[in-house]
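Student:
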Amino acid sequence: MKRIGIGKRVISIFLFALIVMILIGCSKKDNKANAPMLPIGEISLNSNEASQSNEQAATGKEQKNEHNNEQTIISSGDKLVVDGYDITKATTGTSLKDAYAGYFTMGVAINGSHPSNSTVASDAMAEIMKYHFNSTTFSNLMKPMYLLDQRASMRNYNSGIETPAVNFSSIIDGMEFAKENNIKMRGHVLVWHEQAPDWFFREGYESSGKYVEKETMLMRMENYIKQVLEFTQTQYPGVIYCWDVVNEAVENNEGAYELESGYEIRTNYHSGENLWYKVIGVDYVVKAFEYARKYADPKVKLFYNDYNSFQEAKTQSIYDLVFDLKQKGLVDGLGMQGYMDLVYPEINSGVDNVRSALSKFSDLGLEIHITELTIRSQDKSSQSFRIQADRYEELFKMLIEMDTDGGGPANITNVTFFAIMDEYLFYRNNNNPEYHRLFDGQLQPKPAFYSVLSVVD
Numbered sequence: 089m090k091r092i093g094i095g096k097r098v099i100s101i102f103l104f105a106l107i108v109m110i111l112i113g114c115s116k117k118d119n120k121a122n123a124p125m126l127p128i129g130e131i132s133l134n135s136n137e138a139s140q141s142n143e144q145a146a147t148g149k150e151q152k153n154e155h156n157n158e159q160t161i162i163s164s165g166d167k168l169v170v171d172g173y174d175i176t177k178a179t180t181g182t183s184l185k186d187a188y189a190g191y192f193t194m195g196v197a198i199n200g201s202h203p204s205n206s207t208v209a210s211d212a213m214a215e216i217m218k219y220h221f222n223s224t225t226f227s228n229l230m231k232p233m234y235l236l237d238q239r240a241s242m243r244n245y246n247s248g249i250e251t252p253a254v255n256f257s258s259i260i261d262g263m264e265f266a267k268e269n270n271i272k273m274r275g276h277v278l279v280w281h282e283q284a285p286d287w288f289f290r291e292g293y294e295s296s297g298k299y300v301e302k303e304t305m306l307m308r309m310e311n312y313i314k315q316v317l318e319f320t321q322t323q324y325p326g327v328i329y330c331w332d333v334v335n336e337a338v339e340n341n342e343g344a345y346e347l348e349s350g351y352e353i354r355t356n357y358h359s360g361e362n363l364w365y366k367v368i369g370v371d372y373v374v375k376a377f378e379y380a381r382k383y384a385d386p387k388v389k390l391f392y393n394d395y396n397s398f399q400e401a402k403t404q405s406i407y408d409l410v411f412d413l414k415q416k417g418l419v420d421g422l423g424m425q426g427y428m429d430l431v432y433p434e435i436n437s438g439v440d441n442v443r444s445a446l447s448k449f450s451d452l453g454l455e456i457h458i459t460e461l462t463i464r465s466q467d468k469s470s471q472s473f474r475i476q477a478d479r480y481e482e483l484f485k486m487l488i489e490m491d492t493d494g495g496g497p498a499n500i501t502n503v504t505f506f507a508i509m510d511e512y513l514f515y516r517n518n519n520n521p522e523y524h525r526l527f528d529g530q531l532q533p534k535p536a537f538y539s540v541l542s543v544v545d
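Residue numbers (our numbering): 89 to 545.
Here it is in structure tokens:
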């Protein structure tokens, strides 16, 4: 009988402990369920949803801070390993931003098609960004197709609100990263014919609707620009220091541009029509700059950005367009996209060369940014990487010579590389890996990195 009594007490104690453990587990689950989530709702600064932007921005910040606290950093002696990547060499010695501090800021893009695969979602890439760069830009996530919300826009329209709804969740993490690390940002991009959804130009924001009239589209353009500028300037004051207002409006391929303006404004491209031109007409460029100037903070610079600006015919058209924008007081700078390969274009000589275009554009008296810098290599052989390194070195030597701080005529204030690494770690299954960057697929500095640094270090 005595043994049985002891057994009952043991069982009672065990059951009590089990109940306590279950209650503690439930409490933890409840806490986890109440944790802040990445914002995914619609945001429209023209309705009651405006207040939602503040809540979502705050949520995004908490989510990002939570992510930063979970990074895996192993420091052993002089070795630094972050999330399995040895970034010791990548974060040792003179930084690019310090090396070029006497000339221009050094930038790199935040890549990715979603916050979960963006550059700043990788702690290893983020550490390299913080070490080497004092400027950044979104390669994708700030473009209209990522910000515009079709379903919310349709709900707005059906409620009698013509203005489009904008969802800023794609840029929260990147904006928070820039803010927290004092890295300034190039806004990219407000108006571009690509990655602007077709439905944005249609009645009721319906994919099958008719294209709207010019005045309706101008209203939508203005309101979109207003929402984007007001959100970024209110939630992240001082982070964005310039905007690419219009991107790639000039075209010099026969049959793909209009003949009336004298600027050769693009009418179509490889995937179809330029809907900004189709619905608004040639003055869509000027109107975009007018709206941007209207809503931008006076300290924020406005840029026109384009590719193949070194091609002589296109150089002149870009010059003429930007000259007229300057005469109207609408533009502060020109972005020269830096897409090159191991041979073309020539940098210092030849019919189409970068130095000649830079010299021409310097006559505008505006700031010049080298944007989207990418020197392509089709493989990762040591020979290709050596040629690539030589090309980067030749380019940066020329930029130093041409920059006003180096005694030249061009007011170059920023150079931005359009990615940080080869074989982007979130796209490992890509069948077309790229080898265009300063750091390889393991985040090790390539010959190109050392050649860029050697120009001034």
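Just so you know, even glycine gets a beta-carbon here, dropped at the ideal spot from N, CA and C.
Expressed to the nearest angstrom, what Euclidean distance is found between the alpha-carbon atoms of Val373 and Asn246?
Tutor: Cα-Cα distance, rounded: 30 Å.
Student: Closest to Val196 by C-alpha separation, out of Val208, Gly190, His202, would be which residue?
Tutor: Closest by alpha carbon: Val208.
Student: Applying the criterion that 16 or more other CB atoms from any shown protein chain within 10 Å of the CB defines a buried residue, is Asn122 buried or exposed?
Tutor: For Asn122, the pLDDT reaches just 32, beneath the cut-off of 50, and the residue's location in the model is therefore unreliable, although a value from the coordinates is still provided. Classification of Asn122: exposed, given that the 10 Å Cβ count is below 16.
Student: Got a sec, what are the start and stop residues for the beta strand (DSSP E) Ile198 sits in?
Tutor: First-last of the beta strand (DSSP E) with Ile198: 193-198.
Student: Quick one: what's Leu422 bridged to in DSSP?
Tutor: Its beta-bridge partners are Tyr392, Ile456.
Student: State the DSSP-derived secondary structure class of His548, mapped to helix, strand or coil.
Tutor: Coverage of the chain is limited to positions 89 through 545, which leaves residue 548 absent and any answer about it impossible.
Student: Buried or exposed: Ile358, going by 16 or more other Cβ atoms within 10 Å of its Cβ?
Tutor: Checking the displayed sequence, the identity of residue 358 turns out to be His instead of Ile. Result: exposed.
Student: Could you pull out every residue in the same chain whose Cβ sits closer than 6 Å to the Cβ of Tyr312, ignoring the five residues on either side in sequence?
Tutor: Around Tyr312: Pro252.
Student: Report yes or no: do three or more beta-carbon pairs, one from the segment 367-384 and one from the segment 252-270, lie closer than 8 Å?
Tutor: Segments in contact, no.
Student: Using the three-state DSSP reduction, which class does Asn517 fall into: helix, strand or coil?
Tutor: If DSSP states are grouped into helix, strand and coil, Asn517 belongs with coil.
Student: Could you have a look at Ile406 and say whether DSSP puts it in helix, strand or coil?
Tutor: In this structure, Ile406 counts as helix in the three-state DSSP scheme.
Student: For Asp229, collect the residues of the same chain with a Cβ closer than 6 Å to its Cβ; drop the 5 residues on either side in sequence, then sort them by chain order.
Tutor: What sits at residue 229 in the sequence shown is Leu, not Asp. Ser258, Ile259, listed in sequence order.
Student: Give the range of the alpha helix (DSSP H) segment to which Met486 is assigned.
Tutor: It spans 470-490 - the alpha helix (DSSP H) in which Met486 sits, taken as one unbroken run.
Student: Do Val388 and Cys330 have their CB atoms nearer than 8 Å?
Tutor: The answer is yes: Cβ separation under 8 Å.
Student: For a test of the three-state rule: what should DSSP assign to Leu317, helix, strand or coil?
Tutor: Correct three-state label for Leu317: helix.
Student: Excluding the 5 residues flanking Phe221 on each side, which residues of the same chain have their C-beta closer than 7 Å to its C-beta?
Tutor: Taken in chain order, the residues that qualify are Leu184, Lys185, Met194, Gly195, Val196, Ile271.
Student: Is DSSP giving Pro232 helix, strand or coil here?
Tutor: If DSSP states are grouped into helix, strand and coil, Pro232 belongs with the helices.
Student: Would you identify the three-state DSSP class for Asp385, choosing helix, strand or coil?
Tutor: Here Asp385 sits in coil by DSSP.
Student: Could you pull out every residue in the same chain whose Cβ sits closer than 8 Å to the Cβ of Leu390, ignoring the five residues on either side in sequence?
Tutor: Closer than 8 Å at Cβ, skipping near neighbours: Cys330, Trp331, Val333, Phe377, Ala380, Arg381, Ala384, Leu418, Val419, Asp420, Gly421.
Student: Under three-state DSSP, which class holds Leu526?
Tutor: DSSP places Leu526 in coil when its eight states are reduced to three.
Student: Just to confirm my understanding: we take Thr462, look at its own chain, exclude 5 residues before and 5 after, and list those with CB closer than 6 Å. What are they?
Tutor: The residues are Tyr427, Phe506, His524.
Student: Can at least three beta-carbon pairs, one atom from the segment 443-454 and one from the segment 490-503, be found at a separation below 8 Å?
Tutor: Because the criterion of three Cβ pairs below 8 Å is met, the segment 443-454 and the segment 490-503 touch.
Student: Can you tell me the Cα-Cα spacing of Leu568 and Phe473, whole angstroms?
Tutor: The first residue shown for the chain is 89 and the last is 545, placing residue 568 beyond what the model contains.
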